[in-house]
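Going left to right, the sequence shown walks through residues 1453 to 1754 as our numbering numbers them. No residue lacks a Cβ here, since even glycine has one placed at the ideal position from N, Cα and C. Given the structure is predicted, the values throughout are model-derived calculations rather than measurements.
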Amino acid sequence: MRRCKFCGGEAYIVMKSPKMALCREHYREFVERKIERTIHHYKMLKEGDRILVAVSGGKDALATAIGMKNLGYEFECLHINLGIGEHSEKSEKISREQCDKLGRKIHVLNLKELVGMGIGEVRTRRAPCSYCGMTKRYLMNKFAVDNGFNVIATGHNLDDETAFLLGNLLHWNINYLSRQGSMLPESEKMARRIKPLYELTNENIEYYVNLFDIPYLQERCPYSQGAKSILYGKVLNEIEEESPGTKLNFVKGFLKNQGIFPREEIELRECKICGMPSLGEVCSFCRFWKLEDELKLREGKL
Ligand code: SF4
Ligand code: ZN
Ligand code: ZN
């Protein structure tokens, strides 16, 4: 039987990077310390921040919420029901249960109620994920801004980041490469977006959430099938298996050298419909969902 490196108790996990075995108690400490260090290292939070944690029902968002709660941060949660049939219903139900167990307030936005259609119901040639990503980012930010939150914490982890990074390198998406990172700074009408799980892998997170008696959704969104990021993730997992620590070195090395990718300064203006920052006269959200009036997301006025 493998023993915990710190107390000699029965090992709960045997990790390859860093190479060590830990008991339940010390593994929990290891993960929470990692989250705290990530938050400090990347200067993700400061005094007086009002934090919203985006919850989807999945393990990553749950780990973000549990970790931040155990580290003593105050926050509320936001769930977006994307209208993807039964999958979205299950996601909402489980998100509510999670927040209930954590004793945190949950706000729920329902895309169908807001714009009349769910993801996948729109007649467009665009793949659901392309407009879903834009929709989620917009709604999270608009909700935060309308309700006085200045920080949004998401469950993006090391596996997501490395898959995204590899994809951006393979396609030389210089613009993304110049901006990708552990956080996006705050600006006028844009909440700061932070990723406290930036240095934790899927495996780290799964073992962490399984320490707690809180349910999470294991099934994937039906539209995630065949996504390129899944392929990149598989390739990276194979490399990590052979050479533990590669993923972390990949993102850390990238952040150190990110300056080699020229950053295009983008001038934003106000969307003439919703007033939110936009590249063109009308922002991509209002344009895509053919809105004629601003969506008002202030609590009590939904
Ligand atoms: Fe949206 Fe695509 Fe993620 Fe499904 S897999 S939630 S459609 S981004
Ligand atoms: Zn121990
Ligand atoms: Zn708009």
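If you drop the 5 nearest sequence neighbours on each side, which residues of the same chain put their C-beta closer than 8 angstroms to that of C1735?
Excluding residues within five positions, the ones whose Cβ falls inside 8 angstroms are Y1590, C1723, I1725, C1726, M1728, P1729.
Given the structure, does M1592 come close to ligand 3, in the sense that its CB is under 6 angstroms from one of the ligand's heavy atoms?
Answer for M1592: no, Cβ out of range of ligand 3.
I1604 versus C1529, K1521, L1563, T1587, residue with shortest Cα-Cα distance
Nearest of C1529, K1521, L1563, T1587 to I1604, Cα basis: C1529.
Less than 6 angstroms between the CB of F1458 and some heavy atom of ligand 2, yes or no?
Because some heavy atom of ligand 2 lies under 6 angstroms away, the Cβ of F1458 counts as near it: yes.
Within 10 Å of its beta-carbon, does A1396 have 16 or more other beta-carbons around it, so buried, or fewer, so exposed?
Residue numbering for the chain in the displayed model covers 1453 to 1754; residue 1396 lies beyond these limits and cannot be assessed.
For E1550, count neighbouring Cβ atoms within 10 angstroms of its own Cβ and tell me buried if that reaches 16, exposed if not.
Looking at the sequence itself, residue 1550 is Gln, so the reference to Glu does not match. Label assigned to Q1550: buried.
Using the rule of at least 16 other Cβ atoms within 10 Å of the residue's Cβ for burial, across every protein chain shown, is L1747 buried or exposed?
L1747 is classed as buried because its beta carbon has at least 16 other beta carbons within 10 Å across all chains shown.
Rounded C-alpha distance that separates D1745 from V1505
Between D1745 and V1505, the C-alpha separation is close to 27 angstroms.
Would you check if the region 1637-1652 and the region 1495-1510 touch, i.e. whether three or more CB-CB distances between them fall below 8 angstroms?
Yes, they touch.
Between which residues of its own chain and S1634 is the CB-CB distance below 6 angstroms, once the five residues before and five after are set aside?
Y1494, K1647, Y1650.
Rounded to whole angstroms, what's the CA-CA distance from G1697 to F1740? Just pull it up for me.
For G1697 and F1740, the distance between alpha carbons rounds to 41 angstroms.
Looking at C-alpha atoms only, which residue of K1545, G1572, I1491 is the closest neighbour of P1667?
Taking only the C-alpha atoms, the option nearest P1667 is K1545.
Any non-hydrogen atom of ligand 1 closer than 6 angstroms to Y1675 Cβ:
Under cutoff, so the answer is yes.
Who are the Cβ neighbours of L1610 in its own chain at under 7 angstroms, not counting the five residues just before and after it?
Here L1610 has Y1650, E1651, L1652, T1653, K1699, L1700, V1703 as same chain residues with Cβ atoms under 7 angstroms from its own Cβ, once five neighbours each way along the sequence are excluded.
Assign G1503 to one of three DSSP states: helix, strand, or coil.
Sequence inspection shows Ile at residue 1503; the Gly mentioned does not correspond to that position. Assigned with DSSP and collapsed to three states, I1503 falls in strand.
Could you tell me if D1612 is buried or exposed, where buried requires 16 or more neighbouring beta carbons within 10 angstroms of its beta carbon?
Of the other Cβ atoms in all chains shown, 16 or more fall within 10 Å of the Cβ of D1612; this residue is therefore buried.
So is C1459 buried or exposed if we call it buried at 16+ other beta carbons inside 10 Å?
Its Cβ having fewer than 16 others within 10 Å, C1459 is exposed.
Please give the ranges of any alpha helix (DSSP H) in the region 1512-1593, keeping only runs that are unbroken, at least 4 residues long and fully inside the region.
Fully enclosed alpha helix (DSSP H) runs of 4 or longer: 1537-1554, 1563-1567.
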